[in-house]
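Engineer:
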Amino acid sequence: MNPISKAISSFMIGLIKLYQRFISPLTRPSCRFYPTCSNYSIEAIKKFGPIQGGMMSIWRILRCGPWSAGGYDPPNEPLFKLKSFKFKRRDNEGE
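Throughout the sequence shown, residue numbering follows my numbering, covering -3 to 91 in sequence.
1) If contacts are defined as beta-carbon pairs under 8 Å, then MET52 and ALA40 qualify, I think. What distance do you get, rounded to the angstrom?
2) Please report the straight-line C-alpha distance between PRO31 and GLY67, rounded to a whole angstrom.
3) Where do the N-terminal and C-terminal ends of the alpha helix (DSSP H) with ILE103 fall, by residue?
4) Do the region 48 to 63 and the region 15 to 24 make contact, defined as three or more Cβ pairs closer than 8 Å?
5) Please work out which residues of its chain come closer than 8 Å, Cβ to Cβ, to PRO70, disregarding the five sequence neighbours upstream and downstream, and give them in chain order.
6) Quick check: what's the CA-CA separation for TRP63 versus PRO25?
7) Pull up the DSSP beta-bridge partners for TYR68, would you.
8) Can you tell me which of SER1, ARG28, CYS33, PRO(-1) puts its alpha carbon nearest to the alpha carbon of LYS93?
9) Going by alpha carbons, who is nearest to SER1 out of LYS42, THR23, TRP55, GLU73?
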């Protein structure tokens, strides 16, 4: 992981830990999944990076509601495959 991604990941995980420490205790336990959505988010960000892990976290939070059965749902596989972009140098064709 490059330094910028690592810094962004650390920041995101820090925000989640602040939520766990100060906001979550004020609400009743109601998570239908294991691990909880905040723990899932931390695991996903550590495993897949800030972009993919962040998207997985948002998708998990959207799925967490009274219409969901819940259950065991670890962050094993990414939502989508990110391809690395490589720029090819063009030679001066036609000049």
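Where is the CB? At the ideal position from N, CA and C, for every residue including glycine.
Structural biologist: In this structure, then:
1) 4 Å
2) 9 Å
3) The shown model of the chain, from -3 to 91, leaves out residue 103, and the question about it has no answer.
4) no
5) PRO31, TYR36, GLU39
6) 17 Å
7) TYR30
8) Given that the chain is displayed from residue -3 to residue 91, the structure contains no residue 93 and the question cannot be resolved.
9) LYS42
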